[in-house]
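Engineer:
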Amino acid sequence: QPWGGNDPFGHGTHVAGIVASSGSFSGGLYRGGAPGAKVVSVRVLDEEGAGTISSVIAGLDWVVQHKDEYGIRVVVMSLGKPIYEPAHLDPLVQAVEAAWNSGLVVVCSAGNFGRNGHFTVTSPGNSRLVITAGSRTDWNTVYPKDDIVSTYSSRGPTFLDHFLKPDLVTPGNRIISLRAPGSTL
């Protein structure tokens, strides 16, 4: 069910702020990409930011079952796991593709293993169907030619399947967002 309590690790709150913060605490300076969007938080990770694939799949199943009730149209998943099997056999990829096939837009992070080179995109970002986002460092300038893919941002193609991912890169370095009170992030 939607998480209505605290966020002891804080990553979910940080990501929700990147997406939907109004920026009210900063006078509108640090607002999200879709300020004021309604967020349904489905907590699948523990207080240390770790969890099980079965918990993530259960969370996705819950979203699919309740998408009409809560008006959910987009799923943002800023998490991932190593790739151990081809995408079509991966239970997490199957779950995000079921969400996509139910009419939801699913956006997954590419992962944070770019320093290890290519073939570092994590699951479920290795799904052909979902939108996989990597991180871009813009150096806080107006000149886009100095922008780079952030050093930590995972790079494709995907391991085993060789899908060209990520689909896009977006600002993801030095992002200011919300902090859950008492969180450890």
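Numbered by our numbering, the letters in the sequence shown go through residues 251 to 435 in order.
Backbone N, C-alpha and C define an ideal beta-carbon position, used for all residues, glycine too.
Model, not experiment: these values are computed from the prediction.
Whose C-alpha, out of A337, V265, P285, is nearest the C-alpha of S274?
Structural biologist: Taking the sequence shown and counting its residues from 1, one reaches residue 274 at position 24. Measuring from the Cα of S274, the nearest candidate turns out to be P285.
Engineer: Nearest CA to the CA of L279: which residue from V290, K288, A287, G267?
Structural biologist: As a working mapping, residue 279 is identified with position 29 in the sequence shown. Ranking V290, K288, A287, G267 by Cα distance to L279 puts G267 first.
Engineer: For K331 and T370, I'd like the C-alpha separation in whole angstroms.
Structural biologist: In the sequence shown, residue 331 corresponds to position 81, counting from 1. In the sequence shown, residue 370 corresponds to position 120, counting from 1. Approximately 10 Å between the Cα atoms of the pair.
Engineer: Just how far apart, CA to CA, sit F409 and Q344?
Structural biologist: Working through the sequence shown from its first residue, we reach residue 409 at position 159. Working through the sequence shown from its first residue, we reach residue 344 at position 94. In a straight line, the C-alpha of F409 is about 17 Å away from that of Q344.
Engineer: Have a look at S276, I333, G422, I381 and flag the residue whose alpha-carbon is nearest the alpha-carbon of D388.
Structural biologist: As a working note, residue 388 is residue 138 in the sequence shown. The shortest C-alpha separation from D388 is found at G422.
Engineer: H264 to R429, Cα distance in whole Å?
Structural biologist: Here residue 264 corresponds to residue number 14 of the sequence shown, with the count starting at 1. Here residue 429 corresponds to residue number 179 of the sequence shown, with the count starting at 1. Straight-line Cα distance between these residues: approximately 6 Å.
Engineer: Report the option in V355, L435, S404 whose CA atom is closest to the CA atom of V324.
Structural biologist: One-based indexing of the sequence shown puts residue 324 at position 74. The shortest Cα separation from V324 among V355, L435, S404 belongs to V355.
Engineer: Grab the span of the beta strand (DSSP E) containing G384 for me, first residue to last.
Structural biologist: For the purposes of this step, residue 384 is taken as residue 134 along the sequence shown, with counting starting at 1. First-last of the beta strand (DSSP E) with G384: 381-387.
Engineer: Rounded to whole angstroms, how far is the Cβ of V269 from the Cβ of V346, which I believe are closer than 8 Å?
Structural biologist: On the sequence shown, position 19 is the one that residue 269 refers to. On the sequence shown, position 96 is the one that residue 346 refers to. Actually they are not in contact, since the Cβ atoms of V269 and V346 sit about 17 Å apart, beyond 8 Å.
Engineer: Who are the Cβ neighbours of L379 in its own chain at under 6 Å, not counting the five residues just before and after it?
Structural biologist: Along the sequence shown, read from residue 1 onward, the residue named residue 379 stands at position 129. The answer, listed in chain order, is E347, W350.
Engineer: Assuming G406 and H368 form a contact by the criterion Cβ under 8 Å, report the distance between their Cβ atoms to the nearest whole angstrom.
Structural biologist: Position 156 of the sequence shown, counted from the start, is the residue given in the question as residue 406. Position 118 of the sequence shown, counted from the start, is the residue given in the question as residue 368. Yes, G406 and H368 are in contact; Cβ-Cβ is about 7 Å, under 8 Å.
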